[in-house]
Amino acid sequence: MAAALGFFLISMALGMSVLNGVHMAAMSPKPPPRQLGKLNFKMSLMPLLRRQAPTFDISLGDYKFTRNPEDQLDFSEFLSSLSPTAREFLNLQETPGNVLNSSNLMIPGRKIWVVTTASLPWRTGTSVNPTLRAAYLLRLTPAASVTLMVPWIEAIDQCKVFGSHKFTSREEQEKEIRRWLRRDAGMGDVANRLKIMFYNGRYHPDYGSIFPVEDMLALVPQGEADVAVLEEPEHLNWFHPETPEYWRKRFNHVVGIIHTNYLEYTKGYTGGVYKKYILYVLNRWLVPAHCDKVVKLSGVLQRYSTYKEEVSNVHGVRSDFLKVGDAAPRRGFKKDFYFIGKALVAKGLPRLFELMEILKNSTTPTTFHVDAFGSGPDEKKIEEMAGSKDLDVSFHPGIDHLQLQDHKTMVNPSTSEVLCTTTAEALAMGKFVVCPDHPSNAFFKQFPNCLMYNSTAQFRKQIRYAMSHDPIPLEGETRRKLTWEAATERFIQAAQVTDRVAALSWQDDYGASFHTWLGKGKKGNAVRRLAGAAPLLDAREEES
């Protein structure tokens, strides 16, 4: 309840800040070419009481536009309907503009900071992928330096996250990160050159995540603040420790990379139907307020900014998976179908069981064996589900995906992921992947070994195809698209901002300034406690 109240209060503050920003736009000292009428923005939260989405009304002169967050709050429809005069007044020219030097990561001498919410040895996407991104940016760009900024957690939290108290000092954990880059990632050439900095973090068990408990910007030397890559910018700024600045004010260029569909997770909490829409509005405020460019890994994610965001898969696959794929045509496959993932009901196995049952009981039955690999809290429940349907499924503990070289086809019916890492790894290993035709899988549609379906009939067709055929060997550009080299090139391209887009960023300055003000002093502590950050604040007070 406290978290819901906190998000409600913050969203109300967002509404006030948006209204203030629009009011400032209407009072801009730049006179319009002709009278356009008053620009208004209204947000109603009353529908929340009816378990519906809040309504947004925008009007400019005689034109009125209404939209709610379930429709992605797509302002582009509103903007495209404006007259050329109105677009000129709002500085929305059709030409793309020129790329700003501040957003060009290939200019020699840049100082890049990759800031994330998790750290090795925690093998989660927000620790592994940012570490590799930092290493490849150091290898492939003429940057003067690249710094990986990760959370340091104390012994009590290390036991929860790592399974034991692994490190007594930051130097020990730094050595572990460098060792992983050399041994597991094969990046000995940059392992020692990469700079690593820690900020104080605290694990929040209710969210299963680490949050900062100190001003991270204060840790960055003034002359080093050039480019910031915020991995999960919403996550980094939700609880927002007190700071006199915001990211875009301190750095010349800030890129946010969105990893996680938090709206999907929020639905699972008590009152999720309300929290989903409140969190939507909160993210719409915080992400563009702190980022010059927003990169979404797939189109399944919410809209964060009409003019700042871009969809691009900026993640790659480690070279050891690709080496397995290179050898696959010679080695061949000894087993057929498998699933790999955490043993959670939300991860897709129940949907796979439904499809298997339909195929088994159809007039022309299709049956196949599946090896399911994964550990987690729902193991027993999932095994009982398969047993009740009398399906041919064998269950195994979690395993390193790289060890599953004998299986020919991965079946992944999950649609809860933003961009499934295991799908990319399976394709890199030269396997078939049977998965739904869904926005989260859009990047994989270009690969011939990705067998997509959007109906039960198509699922049967793809399963039978995988039974009777061998995967096409990965070669040339198709193979390269899965590499971290290609992913880094996509990121460098996606990070660019034009002067046209930058000209619109002034409106986000109000939101960033308000967020900074909101985090200061006693009111900041009150807001964070209401938003559910009490454990983090208590930890900070214990240390002070």
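According to mature numbering (1 follows the signal peptide of the UniProt record, and there is no 0), the sequence shown holds residues -15 to -1, 1 to 529 in order. Glycine included, each C-beta is placed from N, C-alpha and C at the ideal position.
Quick one: residues in its chain with C-beta nearer than 7 Å to the C-beta of residue i, no 5 flanking neighbours on either side, listed in chain order?
i	result
F432	L412 and T463
V296	K281, S283 and G284
R36	In this predicted model, R36 has a pLDDT of only 47, less than 50, meaning its place in the structure is not dependable; the value taken from the coordinates is given anyway. Excluding positions up to five away in sequence, the list reads V258.
A210	R235 and F236
P14	In this prediction, P14 scores a pLDDT of 35, lower than 50, which makes its location untrustworthy; the coordinate-derived value is nonetheless stated afterwards. Hits under 7 Å: none found.
G310	A413, M414, G415 and L459
Check for me: the beta strand (DSSP E) holding residue i runs from which residue to which?
i	result
D356	V355 to F358
W137	S130 to W137
residue 533	The displayed coordinates of the chain run from -15 to 529. Any statement about residue 533 would go beyond what the structure contains.
D321	K320 to I325
P421	F417 to P421
V302	No beta strand (DSSP E) holds V302; DSSP gives it neither H nor E.
H381	V378 to H381
E230	Neither: E230 is in no beta strand (DSSP E) and is coded neither H nor E.
E216	V212 to E216
G186	K180 to H189
In the DSSP assignment, find the unbroken alpha helix (DSSP H) run with residue i in it and report its ends.
i	result
G241	That residue, G241, is in no alpha helix (DSSP H); its beta strand (DSSP E) goes H238 to I243.
Y292	First-last for Y292: undefined, no H or E at that position.
L412	T406 to A413
L125	G110 to L125
F338	L334 to N346
K366	E364 to S373
R167	R155 to R168
L248	Y247 to T251
V175	G173 to A176
Looking at the structure shown, is residue i part of a helix, part of a strand, or coil, going by DSSP?
i	result
P398	coil
P206	coil
C144	helix
L389	coil
Y438	strand
S104	coil
F196	strand
W98	strand
A10	At A10 the pLDDT is 38, less than 50, meaning the model places this residue with poor confidence and gives no usable figure here.
G310	helix
K281	strand
Can you confirm whether residue i, when its beta carbon is compared against all beta carbons of chain B, has any partner nearer than 8 Å?
i	result
F432	Among the chains of the structure shown, chain B does not appear; only one protein chain is present.
State the CB to CB distance for the pair residue i and residue j, rounded to an integer number of angstroms; the pair is presumed to be in contact (CB under 8 Å).
i	j	result
residue 540	L85	The structure shown has nothing for residue 540, since the chain only spans -15 to 529.
G317	G326	So it is not a contact: roughly 25 Å between Cβ atoms.
P398	L340	7 Å
T408	H386	Actually they are not in contact, since the Cβ atoms of T408 and H386 sit about 11 Å apart, beyond 8 Å.
F338	M370	6 Å
H275	S88	So it is not a contact: roughly 15 Å between Cβ atoms.
Apart from the five residues on each side of it in sequence, which residues of its chain come closer than 6 Å, Cβ to Cβ, to residue i?
i	result
V146	W107 and Y188
Q158	F152
L202	T228, E230 and R235
H300	N114 and A472
C435	V418 and F429
F358	I325, H381 and I384
Ordered along the chain, which non-local residues of its own chain (more than five positions away) have a Cβ less than 8 Å from that of residue i?
i	result
L166	T116, A120, M172, G173, V175, A176 and L179
L264	F(-9), Y247, L248 and T251
T468	G301, V302, S304 and L307
Return the chain-ordered ranges of every alpha helix (DSSP H) run that is complete within the stretch 431 to 500 and spans a minimum of 4 residues. Under the rule that a run must span 4 or more residues, the alpha helix (DSSP H) segments found entirely inside the stretch 431 to 500 read 441 to 453, 461 to 465, 469 to 479 and 484 to 487.
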